[in-house]
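Shown next, in structure tokens, is the structure this report addresses.
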Amino acid sequence: MTEERDKLTTADIAAPEPVPDAEASAGEPQHVDEAELEPLLSPDETSGFRDRWLEVQTGFVDDPRRVVEQADGLVAELMQRLAQTFADERKLLEEQWAAGDEADTETLRVALKRYRSFFERLLTT
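Our numbering applies: residue 1 is where the sequence shown begins, and numbers increase by one.
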């Protein structure tokens, strides 16, 4: 039972209270074209998460509570992996800046495009 409690949950990665950002809430949301939605994970990672989801989902009839707990853990893992992807990209940019190198505009444009794409995906209903 303790093994189940040690698993990552969505509550583990949630911020205590988000700080409102006046600038972020101003203006209209930008539309992201389907063509701009580049993959956030490698095809292998995406496939692995999808396969694991199917495994989790198939057990619902036999043990719904356990499956919901597993689903929460899998979503938490995916959120953590996505956060790590963006943190890694940010770290590379910060290393360039710390070394006195300026990232070229194209590199920064691509980074901002990925952030915008991810942001809009999260807000899509």
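Note that beta-carbon positions come from the ideal geometry of N, C-alpha and C, so glycine has one too. Here the structure is a predicted model, which means the values were calculated and not measured.
- Taking C-alpha positions only, Met79 is separated from Asp12 by approximately 11 Å.
- Annotation: Asp101 is outside any alpha helix (DSSP H) and is labelled neither H nor E by DSSP.
- It is roughly 16 Å from the alpha-carbon of Leu108 to the alpha-carbon of Ala99.
- The DSSP assignment places no complete beta strand (DSSP E) segment of no fewer than 3 residues inside the stretch 38–90.
- With at least 16 other beta carbons inside 10 angstroms of its own, Leu74 counts as buried.
- By the beta-carbon neighbour count (other beta carbons within 10 angstroms, threshold 16), Gln84 is exposed.
- Under a 10 Å Cβ-count criterion, Gln70 is classified as buried, with 16 or more other Cβ atoms of the shown protein chains found around its own Cβ.
- Inter-residue distance for Glu45 and Lys113 is about 21 Å (C-alpha atoms, whole angstroms).
- Listed in chain order, the non-local C-beta contacts of Phe60 below 7 Å within the same chain comprise Val67, local neighbours out to five positions each way being set aside.
- Distance between Lys7 and Glu106, taken at the CA atoms: about 39 Å.
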